[in-house]
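Asker:
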Amino acid sequence: MAEFTIPSPLKFLVSNIKQIVTIQLNNENYAIWRLQTLKLFSANGFEGYLTGSQISPADESFADFRLWKLVDQNLVSALFSTISPGILPYILNLTTAHEIWTTLEGRLQPTNRSRVIQLKNELHNVTMGDSSMQQYLAQVKSIVDNIAVAGSKVETEDILHYILNGLPAVYNSLKTSI
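Residues 23 to 200 in our numbering are what the sequence shown spells out, letter by letter.
(1) Go ahead and label Asp81 buried or exposed: buried means 16 or more other beta carbons lie within 10 angstroms of its beta carbon, across all protein chains shown.
(2) So the candidates are Lys175, Ala53, His120, Phe68; which of them puts its Cα closest to the Cα of Phe34?
(3) Pull the bridge partners of Leu47 from the DSSP assignment, please.
(4) Taking only three categories from DSSP, how would you classify Glu82?
(5) On the criterion of 16 or more Cβ atoms from any shown chain inside 10 Å, does Asn187 qualify as buried, or is it exposed?
(6) Between which two residues does the alpha helix (DSSP H) containing Gly188 stretch?
(7) Please state the DSSP three-state secondary structure of Pro29.
(8) Rounded to a whole number of angstroms, what is the C-alpha to C-alpha distance between Leu182 and Ala160?
(9) Which term fits His146, buried or exposed, when burial requires 16 or more other beta carbons within 10 angstroms of its beta carbon?
(10) Got a sec? Which residues, its chain only, sit under 7 Å from Leu87 by beta carbon, not counting five neighbours each side?
(11) If you draw a straight line from the C-alpha of Thr104 to the C-alpha of Lys142, how long is it?
(12) Among Tyr71, Ile169, Glu25, which one has its Cα closest to the Cα of Asn51?
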């Protein structure tokens, strides 16, 4: 049986994934986790293992298959190290990096969509109330940042619109001048 040497880019990825993918995947940060993970895998030549374009060789008895399996299982291990315990049950019985990637996408992408809708509704309804201007703007920024984390964005002009709409009547002269 042939011995295989783990490719240097794979050693780098496996050794450094937790320093480069700085967040652990949970139900609320899929978009950022996906981006960090995909960029790391792509930069090291392993994106195809996630996307399915690097397919398993058909004949399991050949060295090509054994090398593919060695790389894939190291990538599976690396992926597992970046996933929170609450998400792991969804993927425990999956065997390839591609299966894990597509399952996470299927389960967490819809969650992000509903989170974006919830946050945009929150942004639409935010008001200054009794808060200071600094607190109010920090609240708006926090909502906009969370929308970005969920994988969407809000145009600058729309943010201004939401800010102005949430101001109390005492700011009406400012609103009309803008």
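Built from N, CA and C at the ideal position, the CB exists for glycine as well.
Answerer: Taking the geometry as given:
(1) The residue labelled residue 81 in the question sits at position 59 within the sequence shown. So Asp81 counts as exposed.
(2) The residue you call residue 34 lines up with position 12 of the sequence shown. Answer by Cα proximity: Phe68.
(3) Working through the sequence shown from its first residue, we reach residue 47 at position 25. Looking at the DSSP assignment, Leu47 forms a beta bridge with Ile105.
(4) Taking the first residue of the sequence shown as 1, we reach residue 82 at position 60. In this structure, Glu82 counts as coil in the three-state DSSP scheme.
(5) Locating residue 187 in the sequence shown gives position 165, counting from the first residue. Asn187 comes out exposed.
(6) Along the sequence shown, one-based indexing puts residue 188 at 166. Gly188 -> no alpha helix (DSSP H), and no H or E assigned at all.
(7) The residue you call residue 29 lines up with position 7 of the sequence shown. Pro29 falls in the coil class under three-state DSSP.
(8) Reading the sequence shown from its first residue, position 160 is the one you call residue 182. Reading the sequence shown from its first residue, position 138 is the one you call residue 160. Leu182 and Ala160: Cα-Cα distance of roughly 13 Å.
(9) As a position in the sequence shown, residue 146 is number 124, starting the count at 1. Looking at its Cβ environment, which holds fewer than 16 other Cβ atoms inside 10 Å, His146 is exposed.
(10) Translated into the one-based positions of the sequence shown, residue 87 becomes position 65. According to the sequence displayed, residue 87 carries Phe and not Leu. Counting only Cβ-Cβ distances below 7 Å, and skipping sequence neighbours, we find Ser78, Pro79, Asp81.
(11) Residue 104 sits at position 82 when you count from the first residue of the sequence shown. Residue 142 sits at position 120 when you count from the first residue of the sequence shown. The straight-line gap from Cα to Cα measures roughly 28 Å.
(12) Sequence index remark: in the sequence shown, residue 51 carries index 29 (1-based). Out of Tyr71, Ile169, Glu25, Ile169 has the C-alpha closest to the C-alpha of Asn51.
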